[in-house]
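The sequence shown begins at 3 in the working numbering and counts up by one. Take a look at the structure set out below.
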Amino acid sequence: MSENSWRPYEASDYLDVTDIDVFLNSAARDIPELFSFSQVGASRHGRPIWLVTLALGDKPLEERSILWLDAGTHASEWTGVSALMYSLSEWIKGVQQGDEGLLSWFEEHAILAIPCISPDGYQALRDGAPYLRSTLRPPRHDAPRRGLDPCDMDGDGVVRWMRWKHPAGPLVEDEDVPLYMRPRRLDDDPDKAYFMCQEGQFIDWDGASWTGADSLYGIDLNRNFPGNWKPFSMFGMDSGAYSASEPESRAVLDTFAQYPTIAAGLTYHTYTGCILTQPYSKDVPLQEDDLFLLQDLADNLVQDTGYVTYKVYPDFMYKEDSPTPGVWSDTMSTVFGVSSYTVEFWNPYKAAGVEVDQPARLFAEPDPDIIKALVKFAAGYETKSWEVVEHPQLGEVEIGGIDYLHTVRNPPRENLLGECRIGHNMAERLRHGLPRVRVNMESKALSGGGYLVSLLIENLGYLPTSSLHYAAKINASPGCRVVVRQEDGDAVIAAHSSSKALKEFDHLQGWGDRLRDGGRHALYPGLGSQPSRVCLEWIVESEGVFHADVFAGRAGHQSISMKLGQENQ
3 MSENSWRPYE
13 ASDYLDVTDI
23 DVFLNSAARD
33 IPELFSFSQV
43 GASRHGRPIW
53 LVTLALGDKP
63 LEERSILWLD
73 AGTHASEWTG
83 VSALMYSLSE
93 WIKGVQQGDE
103 GLLSWFEEHA
113 ILAIPCISPD
123 GYQALRDGAP
133 YLRSTLRPPR
143 HDAPRRGLDP
153 CDMDGDGVVR
163 WMRWKHPAGP
173 LVEDEDVPLY
183 MRPRRLDDDP
193 DKAYFMCQEG
203 QFIDWDGASW
213 TGADSLYGID
223 LNRNFPGNWK
233 PFSMFGMDSG
243 AYSASEPESR
253 AVLDTFAQYP
263 TIAAGLTYHT
273 YTGCILTQPY
283 SKDVPLQEDD
293 LFLLQDLADN
303 LVQDTGYVTY
313 KVYPDFMYKE
323 DSPTPGVWSD
333 TMSTVFGVSS
343 YTVEFWNPYK
353 AAGVEVDQPA
363 RLFAEPDPDI
373 IKALVKFAAG
383 YETKSWEVVE
393 HPQLGEVEIG
403 GIDYLHTVRN
413 PPRENLLGEC
423 RIGHNMAERL
433 RHGLPRVRVN
443 MESKALSGGG
453 YLVSLLIENL
463 GYLPTSSLHY
473 AAKINASPGC
483 RVVVRQEDGD
493 AVIAAHSSSK
503 ALKEFDHLQG
513 WGDRLRDGGR
523 HALYPGLGSQ
533 PSRVCLEWIV
543 ESEGVFHADV
553 FAGRAGHQSI
563 SMKLGQENQ
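As C-alpha cells, this is what we get:
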C-alpha cells in the first residue's frame, strides 16, 4: 500500500479540513466504482463544500432510493463530522470485503453525504479560535462592536476563562471544584466574589464598563433554513438576513432539492446523546400518521445505544412556547416531506453522573449542581489551573479552565470511537428503513387470443414510497407510475385505464405504517385502510417481449420484462 493509499478513518482523533480532503481524494482515486465526490458550493471564505456519493453500478441516482447524511453545521461539533467519516469508512470496507448484502444494496440505492457544511468555522475552532457557532460571517451592516472580545491572552493557543475579584461580582469559587465558579449567595463574603468571562480584551472601552461584545461571527446556520424561518436571535446568535441567506445553507438546500428520491436523512450535531424528532412546533403541518412514523422509527434507531428520543416540541425547547426557526431537519421534513432527524452525539451529563430531564432548557436556565458536575468531569482531563496574568486593561486577572471542546461539546478522544459506532449503528438502521419495492410479473394466455399481463408491486420497506405521507400531500415526492412497452411493437390494450402505456398508482404504505394502522395491537389485529401492494393488468394482443418500468416514488425505479408465453427474462 502506498503512502497516499486510502485508509479508513478509525476515530482515534478529530479531523481537520485537510484530513477530510485527503480522505475524499484517496477514496475517489482508489475505490472509484463506489466512491465519488464533487463540489456543490463554497463557504463564505471560499472553502469547497463537498458532496460524497456512494453507489455501485450504472443506475442513475434519480432512479435510486437515497439516504442523506450531513455534519459540521456548527463549527464546534466535531463529533458529527467524525461519525459521518467513520460510516463512510465502514461502508467502503464492507464493499471491499465483499459483503453481499451491502453490495446488493448499493446496486439499487445510494448514500449522499456532506461531511462538513461549515468548513470555515470548523477549521477556525480546530486551530484554536474563540468559540463561534457556525461560519465566519462578519457582523451584519458592519455593526460596531464594543465590549469584551474573546481572544487568547496568555499565549497558550486556547481561549479559556478569565476572572478577577470584585465585591460586585456574581460568582464565587466553589469549595469542592476550584475551576467551577458557582452563583454567589447572600451569605458569601464579598471579598471572595468574582467577575468571569472568556479571556479577552475590551473593544472601544470606556475604562469602566464591563460588558460583552456582540459575537464577531453570530450566524447560526441551523436557524437559516426555510422550515418555520423567521428573524431570530438567541445567545448572541441570529438566523440570518433571510432564509438560506448564507452560501453554506444555500448549497445544502439546493443540493438536497436536486435529488427528489432522498427518502431519509440524518443531520449530525452535539451534544446530549439523543435523536430529535417532530414536532418542532405546536402547529406542525405534518399529519398524525407521519408523527407516529417518525417517533417509532426514531425509537428503533436508538435501541440499545443508550441514546433517547425527544420530540422537539415540547421536550427540547430552549424557551417554552418559543419554537426554534430555520432548523435543517425540520426543513427536510416540512418542506421536502422527507423522514429526517437531528442526531445529538455525546452525553456529557451521563459521563458526569447526572441526569437532565430537559437538556435544551438548561442552556437558558442552568442548574448549578449539574454545571458543577460537568466542570468536575471535565477537570479530569486537560485543564489549566487558575494562573495570575497581567491584563493590559484590567490589571491582575486569573486565567484558567477546562478543555470545553474535548469534554463537554465533544467527547474526550478516548470516547470518540464509541460515539462513532453509535452513529453508524443508527445510520445502518435507517438505511434498512428506506422504502423498498418488489415487482413481480405474470402472464396468462387468453382463450380468444392475446395475453393478460399482471404486475404486482409491493413495498417491503418500513417507510412509505413517499417517505412521509405529507410529501404526497404537498407534491414533494415523485409520483408512482408504470410505463410499459413491447419490443415487437405497440400492441398493448390497457385495462381500466385511458392510457395504453402509462398507469399511475397511489403511494404504497410501508410496514411501519401498519404498526399504527391495525398492526400494533396483538389483541386487536387488523389490516388497515391503505394498501402496501397494488396489482395492475394489461391485455396484450401479440407475442413478444413485454417490458415494464416501475417508478415508485422515493423507492426509486425498477425494470422487469418477460417474453409472453415463456418464463420471465
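Virtual Cβ for every residue (Gly too), placed ideally from N, Cα, C. Please read these numbers as outputs of a predicted model, since none were measured by experiment.
State the beta-bridge partners of residue i as determined by DSSP.
i      : result
Phe234 : Phe234 pairs with nothing; no bridge assigned.
Leu341 : Per the sequence presented here, residue 341 reads as Ser, with Leu not at that position. Paired residue(s): Ala266.
Pro185 : Leu173
Gly403 : Lys386
Leu504 : Val485
Gln41  : Trp52
Ser456 : Glu444, Glu539
Looking only at C-alpha atoms, which of the options sits nearest to residue i?
i      : options                        : result
Phe258 : Thr311, Trp330, Ala554         : Trp330
Ser468 : Glu444, Ser7, His509           : His509
Gln532 : Tyr526, Gly512, Asp23          : Gly512
Lys505 : Gly555, Asp515, Leu538, Tyr270 : Leu538
Met428 : His559, Leu268, Thr263         : Leu268
Val310 : Tyr273, Leu71, Asp371, Glu392  : Tyr273
Glu248 : Asp191, Leu465, His47, Leu36   : His47
Ala112 : Ala353, Leu56, Val340          : Leu56
Gln200 : Glu175, Ile221, Trp212, Arg162 : Arg162
Leu432 : Leu299, Leu173, Ile277, Val377 : Leu299
Tyr270 : Tyr343, Met334, Met198         : Tyr343
Ser563 : Glu489, Val19, Ala524          : Glu489
Ser28  : Arg9, Thr20, Ser449            : Arg9
Val149 : Arg187, Ile205, Leu188, Gly171 : It should be noted that the sequence gives Gly, not Val, for residue 149. Measuring from the Cα of Gly149, the nearest candidate turns out to be Ile205.
Val390 : Pro287, Val97, Lys167          : Lys167
Would the beta-carbon of residue i fall within 7 Å of that of residue j?
i      : j      : result
Tyr88  : Cys422 : yes
Ala215 : Arg147 : yes
Leu69  : Ile116 : no
Tyr351 : Val314 : no
Asn224 : Thr75  : yes
Tyr219 : Arg142 : no
Leu86  : Ala73  : yes
Arg483 : Leu462 : no
Trp388 : Gly397 : no
Phe39  : Leu26  : yes
Val337 : Pro228 : yes
Leu465 : Gly425 : no
Val455 : Trp540 : yes
Ile459 : Val547 : no
Ile221 : Gly242 : yes
Consult DSSP for residue i and reduce its assignment to one of helix, strand or coil.
i      : result
Ala243 : coil
Val471 : According to the sequence shown, residue 471 is His rather than Val. Helix.
Cys422 : helix
Ala554 : strand
Trp8   : coil
Ser561 : strand
His76  : coil
Lys378 : helix
His168 : coil
Thr20  : helix
Leu127 : helix
Ala30  : helix
Asp151 : strand
Val286 : coil
Ser14  : coil
His393 : strand
Tyr88  : helix
Gln203 : strand
Ser67  : strand
Asn427 : helix
His47  : coil
Ser217 : coil
Ala496 : Caution is warranted here: a pLDDT of 44 is assigned to Ala496, below 50, making its placement in the model unreliable, and the coordinate value is therefore given only provisionally. Correct three-state label for Ala496: strand.
Phe548 : strand
Ala115 : strand
Ala254 : Per the sequence presented here, residue 254 reads as Val, with Ala not at that position. In the structure shown, Val254 sits in a helix (DSSP, three-state: H, G or I).
Ala362 : coil
Val310 : strand
Trp163 : strand
Measure how close the beta-carbons of residue i and residue j come, nearest whole angstrom, since I'm counting them as under 8 Å.
i      : j      : result
Arg31  : Glu400 : Going by Cβ atoms, the distance from Arg31 to Glu400 rounds to 51 Å, so no, they are not a contact pair.
Phe194 : Glu175 : Here residue 194 is Lys; the residue named in the question, Phe, does not match the sequence. Confirmed, Cβ separation roughly 7 Å.
Phe318 : Leu278 : 6 Å
Thr81  : Phe294 : About 30 Å separates the two Cβ atoms, so there is no contact after all.
Leu181 : Ile372 : Rounded, the Cβ-Cβ distance is 15 Å, inconsistent with contact.
Arg184 : Lys374 : 7 Å
Compare the C-beta of residue i with all C-beta atoms of chain D and state if any pair is closer than 7 Å.
i      : result
Asn417 : Although the question refers to chain D, the structure presented lacks it and comprises just one protein chain.
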